[in-house]
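Novice: One structure, pasted below without further comment.
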Amino acid sequence: MSQLTLSRLKKSFSGTDVIKGVDLEVSEGEFVVFVGPSGCGKSTLLRMIAGLEEVTSGDIVIAGKTVNDLPPVKRGIAMVFQSYALYPHMTVFENIAFPLRVEKRLENDIRTRVEAAARVLQLDTRLEQKPGTLSGGQRQRVAIGRAIVREPKIFLFDEPLSNLDAALRSDMRIELTRLHKKLGATMIYVTHDQVEALTMADKIVVLNAGRIEQVGSPLDLYHRPQNRFVAGFIGNPK
Ligand code: ADP
Ligand code: MG
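With the working numbering applied, the sequence shown corresponds to residues 3 to 240, in that order.
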């Protein structure tokens, strides 16, 4: 069953069309990567799915329900950003717990969930440290922890690794793939990095200037690009 459906989705900013009619189906548990050049509309698409940006026309359907008018907190979605602004004066525990404090959860519930998230992310020995004492990869995991504690059905990642150096990026790719298997959640991951797309995705969505050029498995896109753009961007150039 399709967990997330986008149909004829469009977005314009003061008369300029940025997303020009996107149709897409995402199944439960799928790892979908949106890839495309800078400015093609990846973040805008993600922000619309999250509810941070209004839809100009078309529909976003989650688990059979149109969510166009639902606020972000009611969509069962958590978003992880590229610049993971952690609170420097708070411990790792409190940083991860923050969304649950906002929701006014009970202390016991908060502790259970934060500890479970920390175990998954291998941060359980770091809970009393401040972010400043952590490595870049550990800080990124704290940011992901903040998303996990809310137990979303769908995770959205907007270029979460682009601030990390190459070695760390490669470690985090493996971490995220492991996390995906462990949580079994649906993940939509935005990147402009072909290698990330090819190594992490179940399904790749190639975007160009507000439209989908091709959707397929990494092998499909690599070996059978439908056009020059896809071939040049991700495929096996002939
Ligand atoms: P990407 O994430 O693929 O780099 P974006 O979704 O950020 O691309 O942007 C797509 C296009 O929409 C760009 O041309 C950008 O300038 C424009 N855009 C994004 N957000 C806004 C906004 N709030 N107001 C006006 N234009 C915007
Ligand atoms: Mg972007």
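We treat Cβ as the ideally placed atom computed from N, Cα and C, and that holds for glycine. No experiment lies behind these values; they were computed from the predicted model shown.
Name the DSSP bridge partner or partners of ASN210?
Specialist: BP columns for ASN210 point to ARG213.
Novice: How big is the Cα-Cα spacing for LEU223 and PHE33?
Specialist: Answer to the nearest angstrom: the Cα atoms are 16 Å apart.
Novice: Restricting to Cα atoms, I'd like to know which of VAL217, VAL75, GLY134, ILE176 is closest to ALA1.
Specialist: As shown, the chain starts at 3 and ends at 240. That puts residue 1 outside it, with no answer to give.
Novice: Taking 6 Å as the cut-off, does the CB of LYS44 come closer than this to any heavy atom belonging to the ligand ADP?
Specialist: Yes.
Novice: Output needed for SER4: all residues of its chain with C-beta closer than 7 Å, excluding positions within five of it in sequence on either side, in chain order.
Specialist: Closer than 7 Å at Cβ, skipping near neighbours: GLU27, VAL28, SER29.
Novice: Residue range of the beta strand (DSSP E) that VAL104 falls in?
Specialist: Counting along the chain, VAL104 falls outside any beta strand (DSSP E), though it belongs to the alpha helix (DSSP H) covering 94-104.
Novice: Which of helix, strand or coil does DSSP assign to GLN5?
Specialist: Note: GLN5 maps to strand in three-state DSSP.
Novice: Taking contact to mean at least 3 C-beta pairs separated by less than 8 Å, is the stretch 152-172 in contact with the stretch 185-196?
Specialist: As far as the Cβ criterion goes, the stretch 152-172 touches the stretch 185-196, which means the pair count is three or higher.
Novice: So PHE159 is in the beta strand (DSSP E); what residue range does that whole segment cover?
Specialist: Where PHE159 is concerned, the enclosing beta strand (DSSP E) stretches over 156-160.
Novice: May I ask you to check if the CB of SER1 is nearer than 6 Å to at least one heavy atom of the ligand ADP?
Specialist: For residue 1 there is no data in the structure shown, the boundaries of the chain being 3 and 240.
Novice: Which of helix, strand or coil does DSSP assign to ASP222?
Specialist: DSSP places ASP222 in helix when its eight states are reduced to three.
Novice: Check SER172 in the structure and name its three-state DSSP category.
Specialist: It is helical.
Novice: Going by alpha carbons, who is nearest to ASN119 out of GLU109, ARG152, ASP19?
Specialist: In the sequence as presented, Asn is not what sits at residue 119; that position holds Ala. Ranking GLU109, ARG152, ASP19 by Cα distance to ALA119 puts ARG152 first.
Novice: Quick check: does the Cβ of SER40 come within less than 6 Å of any heavy atom belonging to the ligand ADP?
Specialist: SER40: yes, Cβ under 6 Å from the ligand ADP.
Novice: Please say whether PRO220 and LEU200 have beta carbons closer to each other than 7 Å?
Specialist: Cβ distance < 7 Å, so LEU200 and PRO220 count as in contact.
Novice: Beta-carbon within less than 6 Å of THR68's beta-carbon, same chain only, minus the 5 sequence neighbours each way: which residues are those?
Specialist: So the qualifying residues of the chain are ASP61.
Novice: Comparing alpha-carbon positions, which option in MET81, GLY138, LEU8, ILE21 lies nearest ASN210?
Specialist: Ranking MET81, GLY138, LEU8, ILE21 by Cα distance to ASN210 puts ILE21 first.
Novice: Just to confirm, are ARG175 and MET202 a CB contact at a threshold of 7 Å?
Specialist: Yes, these two residues count as a Cβ contact at 7 Å.
Novice: Nearest CA to the CA of ASN165: which residue from GLY53, PRO154, LEU178, GLN142?
Specialist: It is GLN142 whose Cα lies nearest to the Cα of ASN165.
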